[in-house]
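Enquirer: I have a structure here, written as structure tokens, and I will follow up with some questions on it.
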Amino acid sequence: MKRLSFASILIGWLIAAGSSLSATAQDLSVAAPKCENLHNPLGIGVTEPRFSWKLSTESRGITQAAYEIKVAESPNALKQRGKLLWQSGKVQSDQSIHVPYGGPALQSRQRYFWQVRVWDNRGRVSPWSDVQHWEMGLLDTSLWNARWIRAAQTTDGKPVPSPVFRKAFTVEKEIADARLYVTAHGLYEVALNGQRVGDYYFTPGWTSYHKRLQYQVFDVKQHPRRGDNVTLVTLGDGWYRGRLFSRRNVYGKEHALLYQLEVRYKDGSMATVISDGTWKVTFDGPIQAADHYDGEVYDARKADSRWSAPAYDASRWENVIEQDISKANLVASNGVFVTKHEAVKPTRLIVTPKGEKVLDFGQNLVGWVKFTVAAQAGDTITLHHAEVLDSAGNFYTANLKDAKQEIVYICRGGGEETYEPHFTFHGFRYVRLQGYPGDVDIENFTAQVLHSDIPVTGKFQTSNPLLNQLQHNITWSQKGNFLDVPTDCPQRDERLGWTADAQVFFNTAAFNMDVSNFFAKWLADLRADQFKSGNMPVVVPNVRGGSGSAAWADAATIVPWNFFVNYADQRLLETQYESMKAWVEFMRKTSKNNLSTISSRYGDWLFYSPTDDRYGKAALTDKDLIAQAFYIYSTTLVAKAAERLGKESDYRVYQQLLPTLKQAFMDEFVTANGRLVSPTQTAYVLALHFDILPEELREQAARRLVENIESYDYHLTTGFVGTPYLNHVLTRFGYTDVAYKLLLYGDIHTAWQYTADRMEVSVTIPPNTSATVLLPQATLADVQESNQPLTAIKGLKDAAQSGDAVKLKLGSGTYTFVYKPNKK
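Numbering (my numbering), first residue to last: 48 to 871.
Have a look at this one:
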């Protein structure tokens, strides 16, 4: 038998130990690295971008102990310490979101590369993350060499066909890279050599255009070619000059284009193609009309592929004129664009009692219909969109008010042709077909869902099919109403960014999807459109004028604070703070005897009110009570924000103001016996949720709330103002059973499923987080995890009996708890 030397044994042990250590370390890695909440963003305008990441590990109880970030101007430079632009060094911190860049000033157009690694609470260090990058936009308006251009022919704001702008240009050398910086007055679609640029729709998006007009940046390296090239840009009316509520031309009467293409050659030189007086334009394109409310008229006979050919003679096209328009309002996009999502096929073709052919797509959605047809040149196909059928089963559009939601397609002829719209969208389930030739094959139609590209972050599922359907409806409503701004509806002649809709839905929206950049954009417009007095509009962007209403205007405080609670984004809270404060100061300056005088013309919008109210069942809440309650709540939130931001003087001011405001509420709206003068569900919910009532009155107020709910046979009567907080108040004051009755309306049945008299609960907690878990009807000594008693498991921070439940505090990891439920 061959004997092993001590040295060989030692080497083998070291190799084995090293492999084990390596395997252990490899269990820790960095996942989902982002810059400004985006993956490899292009054209950002933030001069101190922030980094975020997640930890990935199969181990339990893992938290981050430290991190290190490095930044360079090329991937190779990341490997060489001497060529790094910035390195954080090892920072002892568990922070893994919104870590700010701390290096030298960043330069316009420059692409930067970065990596991050982390240490955990066991001393392990992860490998460096995959190389990530971000690219800066144009940080100074002087870098815009392009000129604003428009057609020489003025439209005076009247509806006209979509103008098509054209420019032929030559690329003289081999291309290393190319970027397009572009925006418009109106909507735009860009084509380079016949190919559409980007997969975004309704760009440049909807903002408070006079103060904030977004531009987009596209990586177009693959589009230009050495030699002759052509770019075409088609503009639509959109929000800029199209119909908005009851008006047209809210922001301006004429379409205009700003276009800057920068081509970097392999020899290091650069060429630019800019919008200027050398471009041509025509109104004789295929899009004869386009409007968000009314739809689109498209004449396929006018679509001419020769326009993209360099040899095309555009001498008959009209000249453009340059305009001296300030670029001071230009801002980089934050990376949330409207994109295509689900494609939905019709479930059936209906012939209504009126004899009309109607496609049923099976559910409400927002977007448009793409279809294929073979017809004669000049044949006209019309599509109308609706959400419902009437009681007789006929097509119903009365709820659309003055919005046509109509597509008119004039066929090219000569074979099969496919069409989808460009500058409109619809809210619909049903589509009425008129003029479609021959038998209708539903396979020729597809509904294309469109909404802002916000990723799903939360899911909710139960054993109750109705609750699951409710959550499904909520999610699809969010998709349909989050098309660049948070709107009230996607179908009728409104589609505006109502502030109350945004504030009451924000927390739900943040649970369902990552709405951080989406709402950061909207909040920037809220700041921009806030009146100098501090008062707020009721819609943002503000296209209605007029002053705010209680609960609507309070979006100025509620959304930023809830944003901070959900995303821990202190920079956004700091950015919004002066706006929050200005709103509260406006209420304070206009108050009388510490009572709000803010209009609450919408009150508890959509509260319960029977058609025949001879018995006084309408749940009308005093509007002044609502206004005072929200005055108190906004003041509370500003005080919290001031405390968080270290603004001690402001914190003291608002903390001292609160008791005075609450006493004014008590004097005006609460009787000596503790009864509210408006004994509605909403009144009690606001008084309790906003902590307005003194402690000694809260329990009786909660009982009165429950008695009110019982008097309506366990139906809610709250509107916009009270509904978001109703079940929170009930559960807070120990009436969870009532909350469930409201939710389910009927007997409460357990959602737990027993198998052989056992309860099994599985929980997964992400790394660098912890969670509190309640196991219902459990006894501490009986609960096991992976066939072990609780005292033996890793990752458990605390375990205690809490009534008839076991309360666990857990670190990260996946756990499966098994126990025998206590029978009641």
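Each residue gets a CB set at the ideal place from its N, CA and C atoms; glycine is no exception.
Just so it is clear, the structure is predicted and the values come from calculations on it, not from any experiment.
Assess, as a yes-or-no matter, whether the stretch 715-732 is touched by the stretch 613-625 under the definition of 3 or more beta carbon pairs within less than 8 Å.
Expert: Touching, no, given that fewer than three Cβ pairs across the two stretches are closer than 8 Å.
Enquirer: Looking only at DSSP bridge pairs, what is T230 linked to?
Expert: The count along the sequence shown starts at 1 and reaches residue 230 at position 183. For T230, which the question treats as bridged, DSSP gives the partners L305.
Enquirer: Out of R194, G324, F558 and T399, which has the shortest C-alpha to C-alpha gap to F442?
Expert: The residue labelled residue 442 in the question sits at position 395 within the sequence shown. Here the closest residue by C-alpha is T399.
Enquirer: Does F442 come out as helix, strand or coil in the three-state DSSP assignment?
Expert: Looking up residue 442 in the sequence shown gives position 395. Looking at F442 - three-state DSSP - the assignment turns out to be strand.
Enquirer: Classify P147 as helix, strand or coil using the three-state DSSP reduction.
Expert: For the purposes of this step, residue 147 is identified with residue 100 of the sequence shown, where counting begins at 1. It is a strand residue.
Enquirer: Could you compute how far the alpha carbon of T202 sits from the alpha carbon of Y287?
Expert: Within the sequence shown, the letter at position 155 stands for residue 202. Within the sequence shown, the letter at position 240 stands for residue 287. One C-alpha to the other measures close to 14 Å.
Enquirer: Please report the Cβ distance between K568 and V383, rounded to the nearest whole angstrom; I am assuming they are in contact, meaning their Cβ atoms lie under 8 Å.
Expert: Within the sequence shown, the letter at position 521 stands for residue 568. Within the sequence shown, the letter at position 336 stands for residue 383. The Cβ separation is near 6 Å, so the contact holds.
Enquirer: Measuring only the C-alpha atoms, how far is R479 from H431?
Expert: By one-based count along the sequence shown, residue 479 stands at place 432. By one-based count along the sequence shown, residue 431 stands at place 384. Distance between the alpha carbons of R479 and H431: 5 Å.
Enquirer: Do you know how far the Cα of I109 is from the Cα of S817?
Expert: Taking the first residue of the sequence shown as 1, we reach residue 817 at position 770. Taking the first residue of the sequence shown as 1, we reach residue 109 at position 62. Going by the C-alpha atoms only, they are around 9 Å apart.
Enquirer: What did DSSP end up calling W100 once you bin it into helix, strand or coil?
Expert: The residue labelled residue 100 in the question sits at position 53 within the sequence shown. Looking at W100 - three-state DSSP - the assignment turns out to be strand.
Enquirer: Runs of 3 residues minimum, wholly inside the stretch 384-417: which ones carry the beta strand (DSSP E) assignment?
Expert: Listed in chain order, they are 385-391 and 395-398.
Enquirer: Rounded to a whole number of angstroms, what is the C-alpha to C-alpha distance between I144 and F160?
Expert: Numbered from 1 along the sequence shown, position 97 holds the residue referred to as residue 144. Numbered from 1 along the sequence shown, position 113 holds the residue referred to as residue 160. Taking the straight line from one Cα to the other gives about 18 Å.
Enquirer: In whole angstroms, what is the alpha-carbon distance linking F654 and T764?
Expert: Counted from its first residue, the sequence shown places residue 654 at position 607. Counted from its first residue, the sequence shown places residue 764 at position 717. Taking the straight line joining both Cα atoms gives about 6 Å.
Enquirer: When burial is assigned at 16 or more other CB atoms within 10 Å of the CB, is E105 buried or exposed?
Expert: Sequence index remark: in the sequence shown, residue 105 carries index 58 (1-based). With fewer than 16 other Cβ atoms within 10 Å, it is exposed.
Enquirer: Measure the Cβ-Cβ separation of T278 and L239 and say whether it is below 8 Å.
Expert: As a position in the sequence shown, residue 278 is number 231, starting the count at 1. As a position in the sequence shown, residue 239 is number 192, starting the count at 1. Yes, the pair counts as a contact, with Cβ atoms nearer than the cut-off.
Enquirer: DSSP state of R661, grouped into three classes?
Expert: Here residue 661 is taken as the residue at index 614 of the sequence shown, counted from 1. Looking at R661 - three-state DSSP - the assignment turns out to be coil, as it is neither helix nor strand.
Enquirer: Is it true that the CB of K401 sits closer than 8 Å to the CB of L497?
Expert: In the sequence shown, the residue the question calls residue 497 occupies position 450. In the sequence shown, the residue the question calls residue 401 occupies position 354. No, Cβ-Cβ distance for L497 and K401 is not below 8 Å.
Enquirer: Would you say the beta carbon of W326 is closer than 7 Å to some non-hydrogen atom of the ligand FAD?
Expert: This structure simply doesn't include the ligand FAD, nor any ligand for that matter.
Enquirer: Closest by CA to N589, which one among V532, Q538, T718 and P537?
Expert: Locating residue 589 in the sequence shown gives position 542, counting from the first residue. It is V532 whose Cα lies nearest to the Cα of N589.
Enquirer: Going by the DSSP bridge assignment, what does P533 pair with across the sheet?
Expert: As a position in the sequence shown, residue 533 is number 486, starting the count at 1. Note: P533 sits in a beta bridge opposite F529.
Enquirer: Got a sec? Which residues, its chain only, sit under 6 Å from K17 by beta carbon, not counting five neighbours each side?
Expert: Within the shown structure, residues of the chain are numbered from 48 to 871, placing residue 17 beyond reach of any answer.
Enquirer: How about F408 and A549: do their beta carbons lie closer than 8 Å?
Expert: Position 361 of the sequence shown, counting from 1, holds the residue named residue 408. Position 502 of the sequence shown, counting from 1, holds the residue named residue 549. Their beta carbons are not under 8 Å apart, which means F408 does not touch A549 by this criterion.
Enquirer: Our contact map puts D338 next to G289 with C-beta atoms below 8 Å; I'd like the distance itself, whole angstroms only.
Expert: As a working note, residue 338 is residue 291 in the sequence shown. As a working note, residue 289 is residue 242 in the sequence shown. The pair is a contact, with the Cβ atoms about 5 Å apart (cut-off 8 Å).
Enquirer: Can you tell which of H180, A711, H86 and V165 has its C-alpha closest to the C-alpha of N123?
Expert: Here residue 123 refers to the residue found at position 76 when the sequence shown is read from its first residue. With distances taken between Cα atoms, N123 lies closest to H180.
Enquirer: If I follow the unbroken alpha helix (DSSP H) through I673, where does it start and stop?
Expert: As a first step, residue 673 is located in the sequence shown; it is residue number 626 there, counting from the start. Residues K670 to R691.
Enquirer: In whole angstroms, what is the alpha-carbon distance linking G592 and D576?
Expert: For the purposes of this step, residue 592 is identified with residue 545 of the sequence shown, where counting begins at 1. For the purposes of this step, residue 576 is identified with residue 529 of the sequence shown, where counting begins at 1. The straight-line gap from Cα to Cα measures roughly 10 Å.
Enquirer: Tell me the DSSP bridge mates of W181?
Expert: Position 134 of the sequence shown, counting from 1, holds the residue named residue 181. Looking at the DSSP assignment, W181 forms a beta bridge with Y159.
Enquirer: Taking 8 Å as the threshold (C-beta atoms), are G283 and S209 in contact?
Expert: Position 162 of the sequence shown, counting from 1, holds the residue named residue 209. Position 236 of the sequence shown, counting from 1, holds the residue named residue 283. Taking 8 Å as the Cβ cut-off, S209 and G283 qualify as a contacting pair.
Enquirer: What's the C-alpha gap between T444 and V391?
Expert: As a first step, residue 444 must be located in the sequence shown, where it is residue number 397. As a first step, residue 391 must be located in the sequence shown, where it is residue number 344. Computed Cα separation, rounded: 22 Å.
Enquirer: When you compare only the Cα positions, how much space is there between D371 and L186?
Expert: As a position in the sequence shown, residue 371 is number 324, starting the count at 1. As a position in the sequence shown, residue 186 is number 139, starting the count at 1. The alpha-carbon atoms of D371 and L186 are separated by roughly 20 Å.
Enquirer: Please confirm if the stretch 462-478 is in contact with the stretch 212-232, defined as three or more CB-CB distances below 8 Å between the two stretches.
Expert: No: the two stretches stay apart, fewer than three of their Cβ pairs being nearer than 8 Å.
Enquirer: Would you mind stating whether R169 and V77 have Cβ atoms separated by less than 8 Å?
Expert: Walking along the sequence shown from the start, residue 169 turns up at place 122. Walking along the sequence shown from the start, residue 77 turns up at place 30. No. Outside cutoff.
Enquirer: In whole angstroms, give me the CA-to-CA distance for V768 and K639.
Expert: As a first step, residue 768 is located in the sequence shown; it is residue number 721 there, counting from the start. As a first step, residue 639 is located in the sequence shown; it is residue number 592 there, counting from the start. Those two C-alpha atoms are separated by around 23 Å.
Enquirer: Let me know the secondary structure DSSP gives T797 once reduced to three states.
Expert: Taking the first residue of the sequence shown as 1, we reach residue 797 at position 750. For T797, the predicted model reports a pLDDT of 32, less than 50, meaning its position is unreliable; a value from the coordinates is still stated below. T797: coil per DSSP, three-state reduction.
Enquirer: Return the chain-ordered list of same chain residues with a C-beta closer than 6 Å to the C-beta of W191, the five sequence neighbours on each side being excluded.
Expert: Translated into the one-based positions of the sequence shown, residue 191 becomes position 144. Closer than 6 Å at Cβ, skipping near neighbours: K374.
Enquirer: Out of curiosity, what's the CA-to-CA distance linking E746 and F780?
Expert: Position 699 of the sequence shown, counted from the start, is the residue given in the question as residue 746. Position 733 of the sequence shown, counted from the start, is the residue given in the question as residue 780. Taking the straight line joining both Cα atoms gives about 7 Å.
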